[in-house]
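This report concerns only the one structure given below.
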Amino acid sequence: MAGDSQRLQHPTSSSASQISLRLGEALEACASSIETKDVIQSDEAVAPVTNLLHSIMESCTSDLDEILPGIEGLEVALDEIYRFLSSPDSNQMVVEALSFELPKLVIKFAPLSVKCGEIAGKIIEHLVSVCNPREMLSVLCEVSAF
Numbered sequence: 010m011a012g013d014s015q016r017l018q019h020p021t022s023s024s025a026s027q028i029s030l031r032l033g034e035a036l037e038a039c040a041s042s043i044e045t046k047d048v049i050q051s052d053e054a055v056a057p058v059t060n061l062l063h064s065i066m067e068s069c070t071s072d073l074d075e076i077l078p079g080i081e082g083l084e085v086a087l088d089e090i091y092r093f094l095s096s097p098d099s100n101q102m103v104v105e106a107l108s109f110e111l112p113k114l115v116i117k118f119a120p121l122s123v124k125c126g127e128i129a130g131k132i133i134e135h136l137v138s139v140c141n142p143r144e145m146l147s148v149l150c151e152v153s154a155f
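In the numbering used here, the protein residues as written are 10 to 155.
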């Protein structure tokens, strides 16, 4: 997405909606790529989601005056991801593809606020409960190195 590198503003209700909308679009693009097999590698399919999360994280931590509002944006993003993953309509292949990258990202957000920690924990718990246990063990071992 071309707008991923744009700096996100304070998450007023309109920018929180913007974050939610952009993340929803990235998640749908990921799902569409995997479902139509447009991508050979799952990491290519999840790139729009991971790039957007990196962008949100950078906008949150780049300016000390904007950390608190930026954290609210991260909370919105994490909540959107959790809703997507836990939706009964989510494709298992998409959830599995996201499970390789999301834990590595959301664990970085967990210490930023109590709410970020809670939602990050819910995301990881959900992935552990619905994804291949052997693959999740590998991912979680990698995450614990952070």
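C-beta: ideal position from N, C-alpha, C; glycine also.
Should residue i and residue j be called a contact, given that it needs their Cβ atoms to be closer than 9 angstroms?
i: residue 86; j: residue 65; result: yes
i: residue 82; j: residue 28; result: yes
i: residue 99; j: residue 140; result: no
i: residue 149; j: residue 112; result: yes
i: residue 118; j: residue 106; result: no
i: residue 122; j: residue 80; result: yes
i: residue 59; j: residue 114; result: yes
i: residue 42; j: residue 53; result: yes
i: residue 84; j: residue 46; result: no
Residues in the same chain with beta-carbon distance under 8 angstroms from residue i, minus the five sequence neighbours each way, listed in chain order, please.
i: residue 120; result: 126
i: residue 73; result: No answer about residue 73 holds up, because its pLDDT of 48 lies below 50 and its placement is not dependable.
i: residue 33; result: 89 and 93
i: residue 44; result: 100, 102 and 103
i: residue 97; result: none
Apart from the five residues just before and just after residue i, which ones in its own chain have a Cβ nearer than 6 angstroms to its Cβ?
i: residue 135; result: 94 and 95
i: residue 152; result: 112, 113 and 116
If residue i sits next to residue j, beta carbons under 8 angstroms apart, how far is it from one beta carbon to the other, in whole angstroms?
i: residue 40; j: residue 103; result: 5 angstroms
i: residue 35; j: residue 57; result: 4 angstroms
i: residue 55; j: residue 110; result: 5 angstroms
Using a Cβ-Cβ distance under 9 angstroms, would residue i count as near chain B?
i: residue 102; result: Protein chains in the displayed structure number just one, and chain B is not present.
Give me, in chain order, the residues of the same chain whose beta-carbon lies closer than 7 angstroms to that of residue i; leave out the 5 immediate sequence neighbours on both sides.
i: residue 137; result: 145
i: residue 30; result: none
Exercise. Hey, which unbroken runs of the alpha helix (DSSP H) at 4 residues or more fall wholly within the segment 69-147?
Worked result: 76-95, 101-108, 111-118 and 123-139
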